[in-house]
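A quick write-up on the structure given underneath.
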Amino acid sequence: MKPLYPENWLEIRELILERAKGRCEFCGVDNHWIIYRDRRGKVCSVPRSQRHLKYCYDRDGVRHKNVKIVLTVAHLNHNPADNRPENLAALCQRCHNRHDVSTRVRNRKARLHKARATGELL
7 MKPLYPENWL
17 EIRELILERA
27 KGRCEFCGVD
37 NHWIIYRDRR
47 GKVCSVPRSQ
57 RHLKYCYDRD
67 GVRHKNVKIV
77 LTVAHLNHNP
87 ADNRPENLAA
97 LCQRCHNRHD
107 VSTRVRNRKA
117 RLHKARATGE
127 LL
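In this text, residue positions in the sequence shown follow this note's numbering: the first is 7, and each later residue adds one.
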């Protein structure tokens, strides 16, 4: 487990997932569903006969990647030491990644800057 997380993180995580009732708190998709998203980002259920496959096909024959939804708990203010319930949300992969993208970009730039400054990256 990450060093900034408290010892009771698994209990905290479980409470947040229970609060969410098995759904992403941003987009509402159900945990463990196998879905695809159309071009507009709309969640579409994969036909039962295609759930075991890597890809499925919609009614128009367009191929989509099947995605199994796995809810994770996000820190809304990006501070992993702030574990208040109002700072935590159960999110699907897509929503969690979208929420964290600006922080990841900023952290990556800082790491690159530091590496260049110390001569680790030429």
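Positions of the beta carbon are idealized from the N, C-alpha and C atoms, including for glycine.
Residue i, buried or exposed, once every other Cβ within 10 Å from all chains shown has been counted against 16
i   : result
L77 : buried
A80 : buried
H58 : exposed
Y42 : buried
V52 : buried
C-alpha distance - residue i paired with residue j, whole-angstrom precision
i    : j    : result
A87  : D64  : 43 Å
H119 : S108 : 17 Å
N14  : V68  : 45 Å
E143 : S55  : Within the shown structure, residues of the chain are numbered from 7 to 128, placing residue 143 beyond reach of any answer.
C62  : K71  : 6 Å
Pair within 7 Å by beta-carbon distance, residue i and residue j
i   : j   : result
L97 : C30 : yes
I22 : L94 : yes
Extent of the continuous beta strand (DSSP E) run through residue i
i   : result
H70 : R69 to K71
Strand pairing of residue i, partner residues [DSSP]
i   : result
H81 : L94
Range covered by the alpha helix (DSSP H) that runs through residue i
i    : result
C101 : Q99 to A123
R19  : W15 to R25
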